[in-house]
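In this text, residue positions in the sequence shown follow full-length UniProt numbering: the first is 1, and each later residue adds one. Note that the Cβ used here is the ideal one computed from N, Cα and C, for glycine as well. Here is the structure we will look at.
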Amino acid sequence: MLDKTRPNLEIDNLDIEILSILMNDATTAYTEIAKELIVSGGTIHVRMKKMQDLGIIKGSNLIVDAQKVGYDICAFLGIYLEKGSIYHDAVEKLKQVKEIVELHYCTGAYSMFAKIICRDTTHLRHVLNDEVQAIPGIQRTETFISLEESIKRQITLK
């Protein structure tokens, strides 16, 4: 159900329904969504355009199973910065490390927390030693290797 207490939320229950269907299967045709929700195909197009313009929808992605294409290691990296003021510079350098698939500025023990996908432990060691830890301002890192991804999902809107 839509939370009307959130300010500046410019979507309604129909938008939530459309998003929920597409989050479940992004290949669902707009005409199929329109039939399910008993609206016109044009309505779906207009609503999708509106949500893209609002920045609610940030694109669509093809999900590839990294292990099946030779990337067997998923690791999480706690990154300690020498000082907070170098955060933006560090982010720009970390964006160049293609194995980093997520990066978060966070509270707690670490300045940043990253998710890294590598082929094997040798590749992971190279990324850590030769790329990440070589970035000026990164004081040290702490690595956690994932043994299994048990849950991966988006938020539920309804």
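Mapping the DSSP letters down to three states, classify V132 as helix, strand or coil. Counted from its first residue, the sequence shown places residue 132 at position 132. Helix.
Using a threshold of 9 Å, state whether the C-beta atoms of E99 and I79 are closer than that. In the sequence shown, residue 99 corresponds to position 99, counting from 1. In the sequence shown, residue 79 corresponds to position 79, counting from 1. In this structure, I79 does not lie closer than 9 Å to E99 by Cβ.
I'd like to know if the stretch 139–151 and the stretch 64–82 are in contact, where contact means that at least 3 CB-CB pairs between them fall below 8 Å. yes
Span of the alpha helix (DSSP H) holding T43? As a first step, residue 43 is located in the sequence shown; it is residue number 43 there, counting from the start. The continuous alpha helix (DSSP H) containing T43 extends over residues G41 to D53.
Across the stretch 8–18 and the stretch 29–48, are there enough close Cβ pairs to call them in contact, namely three or more that are closer than 8 Å? yes
So, with DSSP's three-state summary, where would you put I21? Sequence index remark: in the sequence shown, residue 21 carries index 21 (1-based). It is helical.
Taking the straight line between their C-alpha atoms, what separation do you get for Q139 and L81? Within the sequence shown, the letter at position 139 stands for residue 139. Within the sequence shown, the letter at position 81 stands for residue 81. Those two C-alpha atoms are separated by around 5 Å.
Outcome for K158 when other beta-carbon atoms lying within 10 angstroms are tallied against a minimum of 16: Translated into the one-based positions of the sequence shown, residue 158 becomes position 158. So K158 ends up on the exposed side.
Nonlocal neighbours in the same chain, by C-beta distance under 8 Å from D89, ignoring five residues either side: Counted from its first residue, the sequence shown places residue 89 at position 89. The residues are P136 and G137.
For L54, count neighbouring C-beta atoms within 10 Å of its own C-beta (all shown protein chains included) and say buried if the count is 16 or more, exposed if not. Within the sequence shown, numbered from 1, the residue matching residue 54 stands at position 54. Classification of L54: exposed, given that the 10 Å Cβ count is below 16.
What are the boundary residues of the alpha helix (DSSP H) that includes K35? Position 35 of the sequence shown, counted from the first residue, corresponds to residue 35. That run of the alpha helix (DSSP H) goes Y30 to L37.
Near T28, what residues of its chain come up, given a Cβ to Cβ distance below 7 Å and the 5 sequence neighbours on each side ignored? Within the sequence shown, numbered from 1, the residue matching residue 28 stands at position 28. Same-chain partners within the cutoff: I21 and L22.
DSSP beta-bridge partners of H104: Residue 104 sits at position 104 when you count from the first residue of the sequence shown. For H104, which the question treats as bridged, DSSP gives the partners F113.
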